[in-house]
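All you need for the numbering used here is the position in the first sequence, starting with 1, plus 119.
First up is the structure itself, then whatever we jot down about it.
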Amino acid sequence: MLSRELLRHDPEGVIERLASRGVDPALPRAWLRLDAERRAALVELEELKHRHKEASRAIGALKQRGEDAAAEIAAVASAKERTGVLEARLAALEPEIAVIELSLPNLPHPSVPRGADETANRVERVVGEPPAFAFEPRPHWELGPALGILDFERGAKLTGARFTVSFGAGALLERALIGLMLDLHTRAHGYTEVLPPFIVNRATLIGTGQLPKFEQDLFKLEGHDYYLIPTAEVPLTSIHRDEILDEERLPLRYTAYTPCFRSEAGSYGKDVRGLIRQHQFNKVELVQLTTPETSYEALEQLTAHAEKVLQLLGLPYRVVCLSTGDTGFSSAKTYDLEVWLPGQGGYREISSCSNCEDFQARRANLRYRPAAGGRARFLHTLNGSGLALGRTVIAILENCQQEDGTVLLPAALHPYTGGLTRIAPQRRGG
RNA sequence: GGAGAGGUGCUGGAGUGGUCGAACAGGGCUGCCUGCUAAGCAGUUGUCCGGGGUAAACCCGGACCGAGGGUUCGAAUCCCUCCCUCUCCGCCA
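Okay, structure coming up:
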């Protein structure tokens, strides 16, 4: 949510910055009009209420003295009509205002490249060299089934399209990656491991920006106001929702492994093959809550924390700063980590690291008390994948494949695979 | 799922219709006192919204006693719905 004060004081500036993200200026203009109307009604209503309160007090005083107050009561009662009209007007206005302000995306940071879509993204750095193969590398949707570790047909049978079953070394590989990532982030990077609920309520999703605008991307539980989490960012960022934290505790760093569930209705036709885009996937997430002064420093650190995983695994990648038009709804600035996928002959997103500044903090009422004292302030929230596990599996299979069809596992994983260093074709079911 | 009890400020805990934003105690803060600490004494202490103020300070008003409705001139107090916590029963890992 944007600052109301900012919208009122610099409407044209805000409208211009929103336009760089593709927001129709009519939306903020409608907000301004409704906000002015709301405040006018509020001023009148509060004046009426004030007089009403004084009259009630006078009645109370009369009655305590045992005097008759019937005339006063009648006068006050008849004055309630206008109050009712104003209250009804406000009750109608407020949801309208809320829908608009909850639908406006965050303002982009000045350092973000301007542009309508991903073609305006800026490559920040390229790390590692794509491997040179003496043979034609195979995509993971061939390698996985050939090795007997990924089964797309049976995933579709058990559930439907975009669900997958992992077997044997495939399942082990994800478990090993979870262990590697959580150990790295907790021991080397100072995050606290969290095991959050995988189901959250509506208020939590409004806080991080998924609702009300992106309901169609979520799985909702029938008969409840509960949703499956689309990312651990949602529960982790909301841990301290409606709290005021002492500045001494900041920054807070949380990491969690969770499955993620995305309906993404309407996304069919894109990335249909293999593990790239699934309705259920695993992820290790990084979240930080910081002071406003330190959040951009924290974004660089958090991005480096995610990069460290790719470096340990020896996977080639690049870091991209998303353009204004490509940046996600809640984010002011986002770095995507894109891993090299030989099977696709290109770089594909494996992590997205964002500074949401106070956008989520306003929605979720996340504040801190400055050490110097004074009013509570909104803190800044950051999140990043560290990393998406399914896509890490893809990257390992495709980058580490050998001519004989086996896959050599990166050395960093060996402590987590119980001695397994190479995935070879395997039988299932023992 | 069934039955019962309960949700009040930073904390504990009063308050069953009228000056209650809320007694009292603890904690915090500010003075005084003290060689220092402790104790003692006095004062102070929330959040949000709106108006005024260039802004801060500040001033005025409104709202907030789990959430949302209702009754009433007036609700923390009465009524309804929902949520959460605790105890017992059932069921289950």
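Each residue gets a CB set at the ideal place from its N, CA and C atoms; glycine is no exception.
- Residue environment for P435: buried (at least 16 other C-beta atoms within 10 angstroms of its C-beta).
- CA-CA distance, V218 to P331, rounds to 8 Å.
- Inter-residue distance for G447 and V439 is about 14 Å (C-alpha atoms, whole angstroms).
- Distance from L369 to L408 at the Cβ level is roughly 6 Å; contact confirmed, criterion being Cβ atoms closer than 8 Å.
- Contact holds between the stretch 516 to 524 and the stretch 258 to 273, because three or more Cβ pairs, one in each stretch, are under 8 Å apart.
- For the stretch 469 to 509, the continuous alpha helix (DSSP H) assignments of 4+ residues that do not extend past its boundaries occur at 478 to 483, in sequence order.
- Looking at the backbone, the Cα of E426 and that of E412 are separated by about 23 Å.
- Secondary structure of L262 (DSSP, three-state): helix.
- About 16 Å separates the beta carbons of L432 and A288, which is beyond the 8 Å limit, so they are not a contact pair.
- L485 and S222 have their alpha carbons spaced roughly 19 Å apart.
- The DSSP-derived three-state label of K402 is strand.
- Under the rule that a run must span 4 or more residues, the alpha helix (DSSP H) segments found entirely inside the stretch 319 to 389 read 321 to 327 and 352 to 356.
- Listed in chain order, the alpha helix (DSSP H) elements of length 4 or more contained wholly in the stretch 120 to 180 are 123 to 128 and 130 to 138.
- In terms of Cβ geometry, L161 and P147 do not form a close pair [threshold 8 Å].
- The beta carbons of L301 and T374 sit closer together than 8 Å.
- For S471 against T453, the beta-carbon gap comes to about 6 Å, under 8 Å, which counts as contact.
- Residue pairing of I542 in beta bridges, as defined by DSSP: V526.
- If the five residues before and after P232 are omitted, its C-beta is found closer than 6 Å to the C-beta atoms of A239, R241 and S442, all from its own chain and listed in chain order.
- Ranking E220, A251, P144 and S175 by CA distance to the CA of G464 puts A251 first.
- Residue environment for R273: exposed (fewer than 16 other C-beta atoms within 10 angstroms of its C-beta).
- Here V353 really is in contact with V319; their C-beta atoms are around 6 Å apart, less than 8 Å.
- With 16 or more other Cβ atoms inside 10 Å of its own Cβ, H228 counts as buried.
- For E243, the enclosing beta strand (DSSP E) stretches over residues R241 to V246.
- Non-local C-beta neighbours of E383 in its own chain, meaning closer than 7 Å and more than five positions away in sequence, comprise D336, ordered along the chain.
- Within the DSSP secondary-structure output, T311 pairs in a beta bridge with Y373.
- F497 and R360 have their C-alpha atoms spaced approximately 11 Å apart.
- In the structure shown, the three-state DSSP call for R233 is coil.
- Here R467 carries a strand assignment [DSSP, helix/strand/coil].
- CA-CA distance, Y345 to E213, rounds to 24 Å.
- Beta bridge pairing from DSSP links Y454 with C440 and C472.
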